[in-house]
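Worksheet: one structure, shown below.
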Amino acid sequence: MQKKYISADIETSGSTPGNYSMLSLGACVVGDVSQRFYRELKPICRNYSTEAMKVACQGLRCLEPLQKEKQYDSKSRFFNPARVLQVLDDHGETPKRAMNDFREWVLQHTQGYRPVLAAKPVVFDGMFIAWYFDTFCQEKNPFGHSGEDMSSVYSGFMGDVNVNLSSVKLNPPIRHTHNALEDAVEQALKFEKVLGMMREKKEKPAKKLMPLF
0 MQKKYISADI ETSGSTPGNY SMLSLGACVV GDVSQRFYRE LKPICRNYST
50 EAMKVACQGL RCLEPLQKEK QYDSKSRFFN PARVLQVLDD HGETPKRAMN
100 DFREWVLQHT QGYRPVLAAK PVVFDGMFIA WYFDTFCQEK NPFGHSGEDM
150 SSVYSGFMGD VNVNLSSVKL NPPIRHTHNA LEDAVEQALK FEKVLGMMRE
200 KKEKPAKKLM PLF
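When we follow numbering that gives the first Met the number 0, the leftmost residue of the sequence shown carries the number 0, and every step to the right adds one.
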């Protein structure tokens with residue numbers, strides 16, 4: 000069955016699922032980024048890494064009405080991650096509802112295809128997404144064990160382990176905002192460009208070698 004890639008990005012309160020919370024989940028269809036999914040989630044615990052929260056909070060929409068208050072400003076010395084978690088607890092979607100909605104959305108947009116999670120890096124985003132599916136969704140993970148790392152695909156195509164998807168340029172460029180949906184769209188557009196380069200190379204006729212004699 001032919002693959003259909005779902006570009007996903009998450010923001011979290013720390014490094015590992017179960018010990019920390021997934022705060023937001025954004026996704027779109029690679030090849031049609033107008034098909035989008037976004038949720039901000041209630042935290043599952045009050046554990047957090049301050050450094051992780053400084054990144055995660057930059058793109059949370061629930062904080063937009065509070066952006067003038069320094070305790071919600073990740074760049075302020077008065078930043079208070081615990082207060083951010085409280086806002087998410089008040090306004091976020093329950094993990095159970097969010098993951099069931101995400102599963103339905105994935106299946107709806109991959110009918111007739113094999114859904115494949117694509118992320119950068121897939122080891123981090125995929126770890127949280129799989130754990131949340133397993134913990135909160137009554138149905139099985141629609142991605143199964145599949146997942147592809149966008150940067151690995153690109154470095155393999157380029158034949159250079161030192162390059163990654165970040166070096167792919169978009170015209171016009173898109174700013175990396177740390178909003179999970181906006182970043183999922185950005186990486187999807189870059190991945191589309193890589194997949195296009197791969198198709199062009201495959202379709203390009205091989206050069207005929209000149210005879211030696």
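Even for Gly, the Cβ is constructed at its ideal location relative to N, Cα and C.
This structure is a prediction, so every number in the text was calculated from the model and none was measured.
- In the structure shown, the three-state DSSP call for Y153 is helix.
- Straight through space, the alpha carbons of P94 and E138 are spaced by roughly 14 angstroms.
- Sorting P64, V83, L22 by C-alpha distance to the C-alpha of Q70 places V83 at the top.
- Look at E68 here: in three-state DSSP terms it is coil, with no helix or strand label.
- The C-beta separation of S14 from A183 comes to about 20 angstroms, leaving the pair out of contact by the 8 angstroms criterion.
- For F142, no beta strand (DSSP E) run applies, since DSSP gives it neither H nor E.
- Between V160 and Y153 the beta-carbon gap is near 11 angstroms, outside 8 angstroms, which marks them as no contact.
- In the three-state reduction of the DSSP assignment, Y131 falls in the helix class.
- Bounds of the alpha helix (DSSP H) holding V54 are 49 to 55.
- Taking the Cα of R76 as reference, the smallest distance to any Cα among R113, Q110, T49 is reached at T49.
- Per DSSP, Q186 is one residue of the alpha helix (DSSP H) stretching across 179 to 202.
- Assigned with DSSP and collapsed to three states, Q34 falls in strand.
- Residue range 94 to 107 is occupied by the alpha helix (DSSP H) that includes R96.
- Contact between the segment 25 to 32 and the segment 59 to 69 is absent: fewer than three C-beta pairs spanning the two stretches fall below 8 angstroms.
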